[in-house]
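The structure appears right after this line, and notes come after that.
Structure (structure tokens):
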């Protein structure tokens, strides 16, 4: 699916779980080009869970590893009782692949079009977690 086709189909609020400020800004810019207009940015696992409880996102992007916690752990907690599209953006996908075998993953460093394409895939896929 071409990113321009997503604009009319996607919701507007996204949760970005990323501990690097510059990367979170790039993600926000790319999602804005897809029509997202509202963002929460979490730098820690517990912050991500709290933000998602305050306002349920229509999309989550998450780094697999955070300086304080785990993006995978945050997504697991947030998606426990909700089906939310997720894109993992990470430099080390080994933990994600083991825990979330059907995850949509964008490798760092990434280009804007990589993220946009991954969002299209995530919107059509629901993730499941393996029991660890």
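In the numbering used here, the protein residues as written are 7 to 138. Note that beta-carbon positions come from the ideal geometry of N, C-alpha and C, so glycine has one too.
Going by DSSP, residue 48 is part of the beta strand (DSSP E) stretching over 44-48. Contact between residue 93 and residue 85 does not hold, since their C-beta atoms are separated by about 13 Å, which reaches or exceeds 8 Å. Residue 110 is bridged by DSSP to 93. Around residue 31, the same chain offers no residue with a beta carbon nearer than 6 Å, after the five sequence neighbours per side are excluded.
If you look at residue 105, you'll find it in the alpha helix (DSSP H) that goes 100-105. By the Cβ-count criterion, residue 73 is exposed, with fewer than 16 other Cβ atoms from all chains shown falling within 10 Å of its own Cβ.
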